[in-house]
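**Q** Structure in structure tokens, see below.
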Amino acid sequence: DVKVTQSSRYLVKRTGEKVFLECVQDMDHENMFWYRQDPGLGLRLIYFSYDVKMKEKGDIPEGYSVSREKKERFSLILESASTNQTSMYLCASSLATGGLNEQFFGPGTRLTVL
Amino acid sequence: GENVEQHPSTLSVQEGDSAVIKCTYSDSASNYFPWYKQELGKRPQLIIDIRSNVGEKKDQRIAVTLNKTAKHFSLHITETQPEDSAVYFCAAYTREMGSRLTFGEGTQLTVNP
């Protein structure tokens, strides 16, 4: 079974803090994704990566950056957390043919910014 | 870019009834349409998908239909059960958008016993 894990299930941070969300997958998937899930807004893509050291902006990249130094790990970084970044963050991975293949999701990190 | 709209946002049915969720997409180049189910407190999981060269696909109690001309696709669940209660997301894939999916806003389905 594909396993996608995220470093924290719940996280509470203060405004202005730098926040790191980590995602690891164990199935040698080329593609990795970070989504933000808010009620009524569905899953919105923040960034994705189709190879090590490669990254592409999604629909809502402002205020976020990413890092992919190793194939299995994709990090989401909030340089200076703000209250409007309070949300559920979901990581996903898929094989190289991308959208034509199933995306496997992690359990999510619920981030609260105070 | 692609835009996917999903309706309704909430749907309540009695156990045993059918449920239908509809999605429309904007990019005629989209060619793959998966559906994900997210139970409360759990991660989204793929339940069924359809490609643009197929009009309908069934898997036991669930089916998906695709109308390429009208640019819409639908999820049909028959003989609903309480365990079908979840949030359902449709999505569309367009090769020109890279390896990404564009998701709809989600539908909260509640099946009442």
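Quick mapping for you: the protein sequence lines, in order, are chains Z and L. So the first sequence is numbered by our numbering: it starts at 1 and just counts up by one. So the second sequence is numbered by our numbering: it starts at 1001 and just counts up by one. For each residue, glycine too, the CB sits at the ideal point set by N, CA and C.
Quick one: using the 10 Å Cβ neighbour count with 16 as the cut-off for buried, is Q1014/L buried or exposed?
**A** exposed
**Q** Check whether the Cβ atoms of T1129/L and V1004/L sit closer than 8 Å, and answer yes or no.
**A** The structure shown does not extend to residue 1129/L, since chain L is modelled only from 1001 to 1113, so the question has no answer here.
**Q** Please list, in chain order, the chain L residues whose beta carbon lies closer than 7 Å to that of P107/Z.
**A** R1043
**Q** For S1009/L, go through chain Z and note every residue whose CB falls closer than 7 Å to its CB, in chain order.
**A** G40
**Q** With which residues is K1058/L paired in a DSSP beta bridge?
**A** A1063/L
**Q** Within 8 Å (strictly less), CB to CB, does Y1088/L reach chain Z?
**A** no
**Q** Quick check: what's the CA-CA separation for K3/Z versus F105/Z?
**A** Going from the Cα of K3/Z to the Cα of F105/Z covers about 8 Å.
**Q** If you drop the 5 nearest sequence neighbours on each side, which residues of the same chain put their C-beta closer than 6 Å to that of L1046/L?
**A** P1034, Y1036
**Q** Please state whether DSSP places D1049/L in a helix, a strand or coil.
**A** strand
**Q** Taking only runs that begin and end inside the stretch 6-55 of chain Z, name each unbroken beta strand (DSSP E) of 3 or more residues, in chain order.
**A** 10-13, 19-25, 31-38, 42-49
**Q** Closest to S87/Z by CA distance: which of Q6/Z, Y10/Z, T5/Z is it?
**A** Y10/Z
**Q** Using a Cβ-Cβ cut-off of 8 Å, state whether L11/Z counts as contacting chain L.
**A** no
**Q** Taking all protein chains shown into account, do 16 or more other C-beta atoms lie within 10 angstroms of the C-beta of D26/Z, making it buried, or fewer, making it exposed?
**A** exposed
**Q** Work out the CA separation of N101/Z and Y35/Z for me, nearest whole Å.
**A** Rounded to the nearest angstrom, the gap between the Cα atoms of Y35/Z and N101/Z is 17 Å.
**Q** Leaving out five residues before and five after E1002/L in sequence, what residues of the same chain have Cβ atoms less than 8 Å from its Cβ?
**A** Y1025, S1026, D1027, S1030, A1092, T1094, M1097, T1102
**Q** E1105/L: buried (16+ other C-beta within 10 angstroms of its C-beta) or exposed?
**A** buried
**Q** By alpha-carbon positions, which one of V12/Z, S94/Z, A81/Z ends up nearest to L65/Z?
**A** It is worth fixing the name first, because residue 65/Z is Ser in this sequence and not Leu. Of the candidates V12/Z, S94/Z, A81/Z, the one whose C-alpha sits nearest the C-alpha of S65/Z is A81/Z.
**Q** One question on the structure: do S94/Z and L21/Z come within less than 8 Å of each other, judged by their Cβ atoms?
**A** The Cβ-Cβ distance between S94/Z and L21/Z does not fall below 8 Å.
**Q** Checking contacts by CB at 8 Å: is F1103/L closer than that to chain Z?
**A** yes
**Q** Do you know how far the Cα of I1050/L is from the Cα of Y1032/L?
**A** 6 Å
**Q** Output the distance between the C-alpha atoms of G58/Z and S49/Z, rounded to the nearest integer angstrom.
**A** 10 Å
**Q** Quick one: give me the first and last residue of the beta strand (DSSP E) that S116/Z is part of.
**A** Chain Z is shown only over 1 to 114; residue 116/Z falls outside these bounds and no answer can be derived.
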